[in-house]
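Just below is one structure, and these are the notes that go with it.
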């Protein structure tokens, strides 16, 4: 009886621990998924610049840009850097990833889509300026620092 109670308690405790599901994201051009080391791959092949996913089950935005599928991913880098981001662009020719976007601020980011463009901003960790990011329909990322908008 005692063993049954201990086993039941352990099972209930284990059920309370959230499991990290393996990230699998279908696209029009193939499958994106994280391998057992949480490195993102397209059709089983890693990216030229590795995209590491500490929380491979977290997709923020997925949308189509003409001849590309774009996935905007949050990258949890731990308590020292709670929010970094990656953008993955998948086309008929393959997939490319941009990593380590963001300032490590804990401020919640709300990316916006305007036409074929993803926009988001994040305060610098010193609170004196804001970094703005714009990812256009051609796969070009523009980063600008805005000191006049700190504290948004």
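Numbering (mature numbering (1 follows the signal peptide of the UniProt record, and there is no 0)), first residue to last: -21 to -1, 1 to 131.
The beta-carbon is built from N, C-alpha and C at its ideal position, and this holds for glycine as well.
Note that the structure is a prediction, hence the values are computed from the model and not measured.
- The alpha carbon of residue 9 has as its nearest neighbour, out of 17, 93, 97 and 69, the alpha carbon of 69.
- As a beta-bridge residue in DSSP terms, residue 63 pairs with 54.
- Separation of the CB atoms of residue 95 and residue 115 is rounded to 7 angstroms, and the pair is thereby assigned contact status at 8 angstroms.
- Residue environment: residue 84 is assigned as buried (16 or more neighbouring CB atoms within 10 Å of its CB, all protein chains considered).
- With a cutoff of 9 angstroms on beta-carbon distance, residue 91 and residue 124 are scored as not near each other.
- Taking the C-beta atoms as reference points, residue 48 is found nearer than 9 angstroms to residue 6.
- Excluding its 5 nearest sequence neighbours in each direction, residue 16 has no C-beta neighbour in its own chain below 6 angstroms.
- Buried is the label assigned to residue 53, since at least 16 other Cβ atoms lie within 10 Å of its Cβ.
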